[in-house]
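Everything on this sheet refers to the single structure shown next.
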């Protein structure tokens, strides 16, 4: 991403690549949403966290926020707050099995480094 002045940065002035969902991620989102008819999809956000700087935050969405961008693929909807886009633009969201665990994985081209446990990431 080009250098921006934080005082004048406005995420709605950018053209975003967007996010993609794998079929397995979409199926998991649909499964989660099917448990409550009011749920419209899943929100992916970021927060300052961990040793690398940022962590992903996921929440079920009943009512999208005014600044949420909507990405719908394979019948599932992912909402992303506009303010999170500089950190997650271009990310592929997957749902994988790792040993006995099943987790969402984020293939994020903006993540320049991650902590050893994989719970947080940093951007340049």
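In my numbering, the protein residues as written are 4 to 127. Ideal Cβ positions, reconstructed from N, Cα and C, are used throughout, including at glycine.
| In this structure, does DSSP put residue 26 in helix, strand or coil? | Taking the chain shown and counting its residues from 1, one reaches residue 26 at position 23. Three-state DSSP puts residue 26 in a helix.
| message | Give me the DSSP bridge partner(s) of residue 110. | response | As a first step, residue 110 must be located in the chain shown, where it is residue number 107. Answer by DSSP bridge pairing, in chain order: 95.
| field | Nearest residue (CA-CA) to residue 51, options 90, 35, 30 | value | For this step, residue 51 is matched to residue 48 along the chain shown. For residue 51, the nearest C-alpha among the options comes from 90.
| query | Hey, residue 62 and residue 46: beta-carbon distance below 7 Å or not? | reply | Translated into the one-based positions of the chain shown, residue 62 becomes position 59. Translated into the one-based positions of the chain shown, residue 46 becomes position 43. Yes. Within cutoff.
| field | Separation of residue 32 from residue 87, as counted between CA atoms | value | Your numbering for residue 87 matches position 84 in the chain shown. Your numbering for residue 32 matches position 29 in the chain shown. Counting only the Cα atoms, residue 32 lies some 19 Å from residue 87.
| Spatial distance of residue 110 from residue 95 (CA atoms) | For this step, residue 110 is matched to residue 107 along the chain shown. For this step, residue 95 is matched to residue 92 along the chain shown. One Cα belongs to residue 110, the other to residue 95, and the distance between them is close to 5 Å.
| message | At the level of alpha carbons, what is the spacing between residue 79 and residue 70? | response | Here the question's residue 79 lines up with position 76 in the chain shown. Here the question's residue 70 lines up with position 67 in the chain shown. Their backbone Cα atoms lie some 19 Å apart in a straight line.
| Relative to the alpha-carbon of residue 67, which residue among 23, 77, 42 has its alpha-carbon at the smallest distance? | In the chain shown, residue 67 corresponds to position 64, counting from 1. The candidate whose alpha carbon is nearest that of residue 67 is 42.
| request: Could you say which of 81, 58, 77 lies nearest to residue 64 if we only look at CA atoms? | output: Against the chain shown, residue 64 aligns to sequence position 61. Nearest of 81, 58, 77 to residue 64, Cα basis: 81.
| query | Who does residue 20 pair with in a DSSP beta bridge? | reply | Within the chain shown, numbered from 1, the residue matching residue 20 stands at position 17. None; residue 20 has no bridge partner.
| Cα-Cα, which of 37, 85, 100 is closest to residue 17? | Residue mapping note: residue 17 aligns to position 14 of the chain shown, counting from 1. Put simply, of 37, 85, 100 the residue whose alpha carbon is nearest the alpha carbon of residue 17 is 85.
| message | If I follow the unbroken beta strand (DSSP E) through residue 62, where does it start and stop? | response | Residue mapping note: residue 62 aligns to position 59 of the chain shown, counting from 1. Element bounds for residue 62: 56-64.
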